[in-house]
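Have a look at the structure below before the remarks.
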Amino acid sequence: PSSSQDNELARIRELLRPPPILGVLDWGIPAESTAPCDPVIEAKVGQFLALKRDPVNPKHFNDSLMSNRSFRNPHLYTKLVEFVDVDERTTNFPTSVWDPHDAEPEWFADRIAELQKVRSEQVSTAQSKRSQIAFTSSNAPPLPPTRSSQDRGGGRRNGRFHPYT
Numbered sequence: 014p015s016s017s018q019d020n021e022l023a024r025i026r027e028l029l030r031p032p033p034i035l036g037v038l039d040w041g042i043p044a045e046s047t048a049p050c051d052p053v054i055e056a057k058v059g060q061f062l063a064l065k066r067d068p069v070n071p072k073h074f075n076d077s078l079m080s081n082r083s084f085r086n087p088h089l090y091t092k093l094v095e096f097v098d099v100d101e102r103t104t105n106f107p108t109s110v111w112d113p114h115d116a117e118p119e120w121f122a123d124r125i126a127e128l129q130k131v132r133s134e135q136v137s138t139a140q141s142k143r144s145q146i147a148f149t150s151s152n153a154p155p156l157p158p159t160r161s162s163q164d165r166g167g168g169r170r171n172g173r174f175h176p177y178t
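The structure is reproduced here in structure tokens:
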């Protein structure tokens, strides 16, 4: 890459770099491990890289997954979550900041819908109980009489004002 491309890449990285967290080195990401990698995992990753980098017929994991008919099954996500035993509502935040298991029942859509329905029914019954509207007379002086339609240039068909006719 040329010098201008390097500068642009450095600028983009600088813009995308998140601000530091006070008192936490490298955003809490631990240093690279010096322990040897598990050979089974290393072989599996090597196999996937070889498939991906094959010059004749490269295979990308996401492409093969998306082309698989079973992947289009709407129940697949639930099955995968159960199979892998993943907690879908977990978080990387400490529980003092956000505890996903500390959710109030009123926060869920079904409970919100129930409350909206009850409120709507209360408003509806309150409106239906009103049988008449009470009018009161005004103490304001009467309005001055308006000009006749002839004074306003009216008198034409259906009493509308047509300035260009």
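Under the working numbering, the first residue of the sequence shown carries the number 14, and numbering increases by one thereafter. Using N, Cα and C, we set each Cβ at its ideal position, and we do this for glycine too.
**Asked** Grouping DSSP H, G and I as helix and E and B as strand, with all else coil, what is residue 153?
**Response** coil
**Prompt:** If you draw a straight line from the alpha carbon of residue 167 to that of residue 156, how long is it in whole angstroms?
**Reply:** Unreliable placement is indicated for residue 167, whose pLDDT of 49 sits below 50; no coordinate value is reported for it.
**residue 128 versus residue 37: straight-line alpha-carbon distance, rounded** = 43 Å
**Request:** Counting only the same chain and skipping the five closest in sequence on each side, list residues whose C-beta sits under 7 Å from that of residue 104.
**Result:** 111, 113
**Prompt:** Using DSSP with H/G/I as helix, E/B as strand and the rest coil, what is residue 83?
**Reply:** helix
**Prompt:** Taking C-beta to C-beta, are residue 119 and residue 125 nearer than 9 Å?
**Reply:** yes
**Asked** Cα separation between residue 109 and residue 30?
**Response** 25 Å
**Prompt:** To the nearest angstrom, how far is it from the Cα of residue 75 to the Cα of residue 40?
**Reply:** 29 Å
**Message:** Once DSSP output is grouped into helix, strand and coil, what is the label at residue 167?
**Reply:** Per-residue confidence for residue 167 stands at a pLDDT of 49, beneath the threshold of 50, marking its modelled position as unreliable; no derived number is given.
**Asked** Where does residue 74 sit, in a helix, a strand or coil, going by DSSP?
**Response** helix
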